[in-house]
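One structure below.
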Amino acid sequence: MNLSHLHYFETLAETKNFQEAARIESITQPTLSQAINGLEKELDCQLFIRKKGSVDLTEKGAQFYQYVSTSLRFLNTGIELTQNDAQPKQEIRMGSIFSAQSKEWSNLIYDFRKKTNLEVTFTISQATTETLAANLKNGSLDIAFVDEPLIDSDLGYLPCWTQELTLLVNKRHPLSKRSFISLDDLVGHYLISYDLQSSLGSALMELIDGKPLQVGYRYKDEITLASIVLANPDVMALACRSWLLDAYRDEVCILHIKEAPKNFRQLYMVYRLSAQQNNAVYEFLTLAKEHFTKA
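Take any residue in the sequence shown, note its place counting from 1, add 44, and you have its number in the numbering used here.
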């Protein structure tokens, strides 16, 4: 059985379109059709139901797809492991939401570099949780620091550090003289905060439940929230305390909220389970687990 033909079969099963599958595999449609016909002849069963402009897997085809997909995934992992073992210099591909790259994050990487005997290169990217999740799934990232656990059979996760919910106040606002504030003190003031569809939405609603506060829930990050407070002294923001806010300290005050728990936002380290076969990734995850346990 030809390995390339198995790749063609997997791609066609996922795209359900001969033209698209041929484009992805960089082959002609007749070549793809010939390969699929050859597989069906070799297996002595029909794998696809041909329709105008598309195909669907038969029952046998769907069953075969599960085996092929699993086998190719293991094969790719084996190739990756062999290449890693053959190369003394290893890479950890890490992603992070912007607000997670805190002092704790930097200390973890610094501690790893001090303790490892491996020659390791970090490739680091910043993106949203949604994008990082997709990159973990498609194998272009090994580890990501995000604000959701990302439950998936191919992924593992660990709670790492937390962030406090604070109130951002323009220094020209009368409340800026305070260091602590109660939510009751904010009645009658206009507030802004995170989009309720974000990972913090339910926690925000629970915290503010029953209080007659006027809040615009429409923003995605601390930079946007702080920038609006900086531009308009009459607006205050409910925002998690991250290093991103330090850039605004000259014009914006950060107040503790009495009702908000210190661990309002939980951050997570999510990793591909198969990436643990990479020695560098395995060592990093082991050290990270020790760090998070101590914290």
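Think of the CB as a built atom: it goes at the ideal place given N, C-alpha and C, for glycine as much as any other residue.
**Q.** Beta-carbon separation (whole angstroms), PHE189 vs SER140, contact threshold 8 Å
**A.** Here residue 189 is taken as the residue at index 145 of the sequence shown, counted from 1. Here residue 140 is taken as the residue at index 96 of the sequence shown, counted from 1. That belief holds up - the Cβ atoms of PHE189 and SER140 are roughly 4 Å apart, short of 8 Å.
Q. Could you give the C-beta distance for GLU54 and SER113, rounded to a whole number, given that I count them as a contact under 8 Å?
A. Indexing the sequence shown from 1 puts residue 54 at position 10. Indexing the sequence shown from 1 puts residue 113 at position 69. Right, their Cβ atoms sit about 6 Å apart.
Q. For ASP155, does the three-state DSSP call read helix, strand or coil?
A. Position 111 of the sequence shown, counting from 1, holds the residue named residue 155. It is helical.
Q: Identify, in the order they occur along the chain, each residue of the same chain with its Cβ nearer than 6 Å to the Cβ of ALA177, setting aside the five sequence neighbours on each side.
A: Your numbering for residue 177 matches position 133 in the sequence shown. So the list reads LEU194, once near-sequence residues are dropped.
Q.
Going by beta-carbon coordinates alone, are VAL325 and LEU199 separated by less than 8 Å?
A. Against the sequence shown, residue 325 aligns to sequence position 281. Against the sequence shown, residue 199 aligns to sequence position 155. It is not a contact, given that the beta carbons lie outside the stated cut-off.
Q. Around the Cβ of MET138, are there at least 16 other Cβ atoms within 10 angstroms (buried) or fewer (exposed)?
A. As a first step, residue 138 must be located in the sequence shown, where it is residue number 94. So MET138 ends up on the buried side.
Q) DSSP state of ILE272, grouped into three classes? A) In the sequence shown, residue 272 corresponds to position 228, counting from 1. Correct three-state label for ILE272: helix.
Q) How close, in whole Å, do the beta carbons of ALA144 and LEU311 come, if the pair is a contact with beta carbons under 8 Å? A) Position 100 of the sequence shown, counted from the first residue, corresponds to residue 144. Position 267 of the sequence shown, counted from the first residue, corresponds to residue 311. Yes, they are in contact, since the Cβ atoms of ALA144 and LEU311 sit about 5 Å apart, within 8 Å.
Q: Give the range of the alpha helix (DSSP H) segment to which VAL66 is assigned.
A: Indexing the sequence shown from 1 puts residue 66 at position 22. According to the sequence as given, residue 66 is Ala; it is not Val. Taken as a continuous stretch (DSSP letters only), the alpha helix (DSSP H) holding ALA66 covers 62-69.
Q. With a Cβ-Cβ cutoff of 8 Å, do SER246 and HIS300 count as a contact?
A. One-based indexing of the sequence shown puts residue 246 at position 202. One-based indexing of the sequence shown puts residue 300 at position 256. Contact: no.
Q. Apart from the five residues on each side of it in sequence, which residues of its chain come closer than 6 Å, Cβ to Cβ, to LYS104?
A. Stepping through the sequence shown from its first residue, residue 104 is reached at position 60. Same-chain partners within the cutoff: CYS89.
**Q.** Helix, strand or coil at THR126 [DSSP, three-state]
**A.** As a working mapping, residue 126 is identified with position 82 in the sequence shown. Three-state DSSP puts THR126 in a helix.
Q: Following the continuous beta strand (DSSP E) through MET313, name the residue where it begins and the one where it ends.
A: By one-based count along the sequence shown, residue 313 stands at place 269. 309-316 is the span of the beta strand (DSSP E), which, as asked, contains MET313.
Q. Cβ atoms of VAL213 and VAL273: under 8 Å apart, would you say?
A. Start at 1 with the first residue of the sequence shown, and residue 273 comes out as number 229. Start at 1 with the first residue of the sequence shown, and residue 213 comes out as number 169. A contact, by the Cβ cut-off of 8 Å.
Q: Within the same chain, show all residues whose beta-carbon is closer than 7 Å to that of THR102, passing over the 5 residues directly before and after it, in chain order.
A: Taking the sequence shown and counting its residues from 1, one reaches residue 102 at position 58. Only GLN90, LEU91, PHE92 and ILE93 meet the Cβ criterion.
Q. If you draw a straight line from the alpha carbon of LEU331 to that of LEU288, how long is it in whole angstroms?
A. The residue you call residue 331 lines up with position 287 of the sequence shown. The residue you call residue 288 lines up with position 244 of the sequence shown. If you take the alpha carbons of LEU331 and LEU288, they lie about 26 Å apart.
**Q.** Span of the beta strand (DSSP E) around GLU192
**A.** Locating residue 192 in the sequence shown gives position 148, counting from the first residue. Note, GLU192: premise wrong, no beta strand (DSSP E); not H, not E.
Q) In terms of residue numbering, what span does the alpha helix (DSSP H) encompassing ASN81 cover? A) As a first step, residue 81 must be located in the sequence shown, where it is residue number 37. For ASN81, the enclosing alpha helix (DSSP H) covers residues 73-87.
Q | Residues that GLU163 bridges to, as DSSP identifies them | A | Within the sequence shown, residue 163 is the residue found at index 119, counting from 1. Paired residue(s): LYS133.
Q: May I have the straight-line CA-CA distance separating LEU202 from LYS333, to the nearest angstrom?
A: For the purposes of this step, residue 202 is identified with residue 158 of the sequence shown, where counting begins at 1. For the purposes of this step, residue 333 is identified with residue 289 of the sequence shown, where counting begins at 1. Cα to Cα, LEU202 sits roughly 8 Å from LYS333.
Q) Pick from GLY97, MET45 and LEU87: whose alpha carbon is nearest that of LEU56? A) Locating residue 56 in the sequence shown gives position 12, counting from the first residue. Taking only the C-alpha atoms, the option nearest LEU56 is GLY97.
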